[in-house]
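Residue 848 in numbering that gives the first Met the number 0 sits at position 849 of the sequence shown, with consecutive numbering throughout. Every residue, glycine too, gets a C-beta built ideally from N, C-alpha and C. Here is the structure we will look at.
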Amino acid sequence: MPRPRLSFSFAPAATLALVVGLIATTALFVSMRRLEHDKIELDFQQRAYVRILTIQQQVDQTIQVVKMINQVFTTFEPVSREQFRVFTLPLLQRHSYVQAFNFHRLVPEDQRISYEEGMRRLYPGYIMTELENGRPVPTKIAARHLVVDYIEPLTGNEAALGLDVTRNAHLSEAVQWATDTGQPTATSLLKLAQGGGATGFLVVMPVYRHGAALDSVEARREAVIGDTAAVFNAATLIDKILGENGMLNDASLDISVYANGEADDRHLAFRKLADPTESRQSPVAGIPNWLFHDRPDPIVHDFDVAGRPWKIVVSRSAQLFTKRHNGSLVTLIGGILVSFLIAAYVHALASRSRRVQGLVEQRTAELSLANAMLKEDIAARRRVEDALNLRQRAIEASANAIIITTAQSPHYPIQYVNPAFERITGYASSDVIGRSCSLLWADDHDQPAIQEIRAAVREKRESRFSLRNYDKNGRMFWSDVYLGPVRDDAGEINHFVVSLNDITATKRYEAELEFQANRDTLTGLANRNLLQDRLRQASAYAERYGHPVWVLFFNLDRFKFVNDTLGHHAGDQLLKAVAERLRGAVRETDTIARLSADEFVLVLPERTEEHLSAAVVQRIMDAVARPIVMESYEFVMNSSVGIAVCPADGRDAETLIKHAGIAMYRAKEIGRNNFQFYTPAMNERAMERLRIEGDLRNALERQEFVLHFQPQLNLKTGGLVGAEALIRWEHPMLGTVPPGRFIELAEEMGLIVPIGVWVLRTACMQGVAWQRAGLGDLRIAVNLSARQFYQQDLVATVRDILEETGLPPQLLELELTESMMMSDVEVAAAILRDLKDIGVHLSIDDFGTGYSSLSYLKRFPIDLLKIDQSFVRDITLDPDDAAIVLSIISLAHSLRLEVIAEGVETEAQLAYLQKHGCDYMQGYYFSRPLPAEEFLQRFSVSATEHKLITSEGDLPTAAIDG
């Protein structure tokens, strides 16, 4: 075997030596660079701070010059123009960077003319000016003017003489601050009137009247007569300070001076940029600036110029480190060369050792290869044996039944079954070996899957199907079957393998799901889904054969009472009993479905041998109405039934159910426990109810409700004592809707409480309005619904409305029914006591039609009984009604209660009530309910001044209802 040629590779030891050498070289280079950079940094800082201190000292000296000039004005009074010139001349020569010294004089407006005339004697044509858009214009009238009176040198500064700087915001601010503090103050940068509009600044110091008190800001403002100022061209100032001290010859430095505490170019007073030839390559991103470039951090220094913060920034351009230092570069290059030499030496030693080791490994590999090939052969045989054993164990452990048959037709005898087959079928292996798989089918050969089995083995293909099989004991079980052909080494099919998976539980679960999808879980009756399907079939049957189909919508009357009294468990038991009775009352071909809690639908197709009739419906109702005993209580469950006939009342399921439901609601409306056939008029009523229901939700918000008021009269005095508030609905399409058409609907929809609150508030407001209109103290009667009465905040609501409207409590009467209070006597008594504490009147409405219990009359704090109009209507014709009315009046008076009769429509009724001592009346005989405006017009004369009823029961002409 030829030796393999060794490819060149760098030895790990040589690589390690090279890496270590390069790391050491890099560390040494970095250390030296840091030392070099620190040296550059220190040198830069020394040069920068020398310039900073020079600028600061020279500026401070300039401020002192301003103080010296100001001291002249403080010492001498007055200072003449010649004295000012003589004193400032040597200062200007000594401080060449000062552009001018001047004196600003405060000139009041009333002295302006005389001042200008005096100046024109010295300077012909003189006039006070101010800058407008950078140009001098005559100064405008102002309370006072701050004028440049003295300025030296005058040559070159002629434009500033006579300049009024009052409107210069920067200068005025500085003058004001200096005046208030008495200290020199610098302005911010501004354009100078002289020097061609150059940028500069002024340092001002106030001049006060001699002998004036200066102990407060107000005193100093009162005593100021002007100020002395030094004018500086900012750039010239700094340039001369640095130039005179030889500090502008360093080309590597950038110097920026800002007349503000921020380094903002808007406040730049001076800038000296480094020589462009000094700039070098920018630093590389991600590498420290000092590693390859010398660029110290900028020096930023803040200092104060006459009370205003200034900032100096000194920086240096970046330079490649090789320009000034070669020591670190020599170290870097030398270290790299030494590192590579050491690595090359180590690599040579390693290569020699590797060649020797390669020869040894080559010989060892050849021997290992031969040994590995032998082991591979042994391992391959072992893997084959293990695979066979694994498959055998897998088949034995499989949860599915495995069957192996031969491919010999026609019986395809079984050769092998696994333990799962024995467990599932109950057949032992010895029972089935050599027999056909058809023994599992028993006598059930009419399965479509058996034909699929025969076709698959005949065509020698795989197949999957579900099949009913039977175990040794004859128990049927469902199985998911897979059939597949097995080929030999030559590719011929000589066996079939069959896998059986017991899916009986899955099939049972599917059946349960199907039942739940189509059946009511409580009663086992059809649910809405199955009902829809049955109705479609029945409708098709009716059209095909011409036989009608009746759809009965059953609703149990008072089922809610059972749920509320005995609980939902008893209600469920009752529903099950009703379902059984319905099953027993109809034919097996009829369909019974449960739609909701107490609603059932029956589908009754007519047969040729039996015709449907009302008697059939009555028979079903009678079956349901037989007494049922629940928890030792006997119940009779009457029902209301609506009937729709297919195809006359509809052809689709939804329409038939809807029409039968409409008929059922009609049966409830006319008294329950009856049946009604659907008519189109019922649908119109239902649609109207639906429309009213939709509009009722928005009626309160749209302010469609109004109140009418029916007068109440005192039968003894004939005077008007009050009015009952009756709600009306002014519907935009239907006109005036009476309460009977929407109050019950409002109860069902839960709107009765907000409507009741609105009625109470509106009625109280109307009572107050009538008082103010002169109708006197009329008592307003308002009806309370049962739901409103049991609201927890009823008492608080009544109290709040009385306070809000201002109606006295004794003028509000709340009308309650007997039935609402008897549902919970204790709670009702507590509510009535709380209402009575407020001071309102309480009355029992429709007395005599409900419980009429004497015991509650004693317990409840009632003021008034209201006799129902059903008794008053026939009071003169029916002795029983007359006796009842007489008993109520007598009972009320014995209990110290008052009585009012409603529904008085004839003179005879009125006379009878007067004769037997009834206290009050209301009814159409006197007046129908009136809108508030008409009520006011009708009774505008106070009821206390005119009798509306005579003692004989006659009505004046004015009281007759038109």
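Next item on the list: Assuming C763 and L719 form a contact by the criterion Cβ under 8 Å, report the distance between their Cβ atoms to the nearest whole angstrom.
Entry: About 18 Å separates the two Cβ atoms, so there is no contact after all.
Item checked: Bridge partners - S893, DSSP secondary structure assignment -> Answer by DSSP bridge pairing: none, since S893 is not bridged.
Next item on the list: Mind reading off the beta-carbon distance from M636 to V628? Whole number of angstroms is fine, and I expect it under 8 Å.
Entry: 12 Å between Cβ atoms; not a contact.
Margin query: Suppose the cutoff is 7 Å on Cβ atoms and the five residues either side in sequence are ignored; what does the same chain contact list for Y1049 look like?
Written below: Since the displayed the chain opens at 0 and closes at 961, residue 1049 lies outside it and no answer follows.
Item checked: Simplified DSSP assignment, three categories, for L611 -> coil
Item checked: Residue range of the beta strand (DSSP E) that includes Q709 -> 704-713
Margin query: Going by the DSSP bridge assignment, what does P484 pair with across the sheet?
Written below: F495
Notebook entry, point to check: With respect to the alpha helix (DSSP H) encompassing T25, which residues constitute its N-terminal and C-terminal limits?
Noted result: 11-74
Item checked: Sheet register partners of C763 (DSSP bridge) -> Bridge partners of C763: none, in fact.
Note to self: So for I861, helix, strand or coil by DSSP?
What the structure shows: coil
Next item on the list: Using three-state DSSP, classify Q175 as helix, strand or coil.
Entry: helix
Notebook entry, point to check: In whole angstroms, what separates the C-alpha of A158 from that of A185?
Noted result: 21 Å
Check: Whose C-alpha, out of E81, L130, E131, is nearest the C-alpha of L121?
Finding: E81
Check: Count the other CB atoms within 10 Å of the CB of M920; is the residue buried (16 or more) or exposed (fewer)?
Finding: buried
Checklist line | Three-state secondary structure assigned by DSSP to C645 | finding: strand
Note to self: Please classify V480 as buried or exposed, where buried requires at least 16 other C-beta atoms within 10 Å of its C-beta.
What the structure shows: buried
Check: In whole angstroms, what is the alpha-carbon distance linking N244 and L340?
Finding: 55 Å
Notebook entry, point to check: Where does P738 sit, in a helix, a strand or coil, going by DSSP?
Noted result: helix
Next item on the list: Could you tell me how far apart the beta carbons of T816 and V756 are, in whole angstroms, since I believe they sit closer than 8 Å?
Entry: With a Cβ gap of about 18 Å, T816 and V756 do not count as contacting.
Next item on the list: Verify the CB distance criterion: does T503 have a CB-CB separation below 7 Å to chain C?
Entry: Structure shown: chain C not included; a single protein chain is present.
Margin query: Let's test the definition: count the other Cβ atoms within 10 Å of the Cβ of R1035 and tell me whether it reaches 16, buried, or not, exposed.
Written below: Past the edges of the chain, shown from 0 to 961, lies residue 1035, and the structure says nothing about it.
Item checked: Cβ pair count under 8 Å reaching 3, the segment 23-33 against the segment 208-216 -> no
Notebook entry, point to check: Would the beta-carbon of E630 fall within 7 Å of that of L565?
Noted result: yes
Note to self: Tell me which residues share the same chain as I887 and place their Cβ nearer than 7 Å to its Cβ, disregarding the 5 neighbours each side in the sequence.
What the structure shows: F846, G847, L864, I866, V898
Checklist line | Segments assigned beta strand (DSSP E), at least 3 residues, entirely inside the segment 96-174 | finding: 97-107, 128-131, 134-137, 143-151
Notebook entry, point to check: CB-CB under 8 Å to V794, same chain, minus the five flanking residues each way: which ones, in chain order?
Noted result: I830, D833, L834, I837
Next item on the list: Go ahead and pull the three-state DSSP assignment for I298.
Entry: strand
Next item on the list: Grab me the residues of P710's own chain with a C-beta within less than 6 Å of its C-beta, minus the 5 sequence neighbours each way, in chain order.
Entry: L719, A722, S926
Item checked: For N370, the three-state DSSP class (helix, strand or coil) -> helix
Next item on the list: Identify whether K914 lies in helix, strand or coil by the three-state DSSP scheme.
Entry: helix
Margin query: How far does the beta strand (DSSP E) with Q787 in it extend, from its first residue to its last?
Written below: It is not in any beta strand (DSSP E) - Q787 instead sits in the alpha helix (DSSP H) that spans 785-788.
Checklist line | Helix, strand or coil at D532 [DSSP, three-state] | finding: helix
Checklist line | Cβ neighbour criterion (16 or more within 10 Å) applied to L15 | finding: exposed
Checklist line | Within 7 Å, strictly: CB atoms of Q868 and G916 | finding: no
Check: According to DSSP, is S338 helix, strand or coil?
Finding: helix
Next item on the list: In the DSSP assignment, find the beta strand (DSSP E) that holds F560 and state where it starts and stops.
Entry: Per DSSP, F560 belongs to no beta strand (DSSP E); it is in the alpha helix (DSSP H), 558-565.
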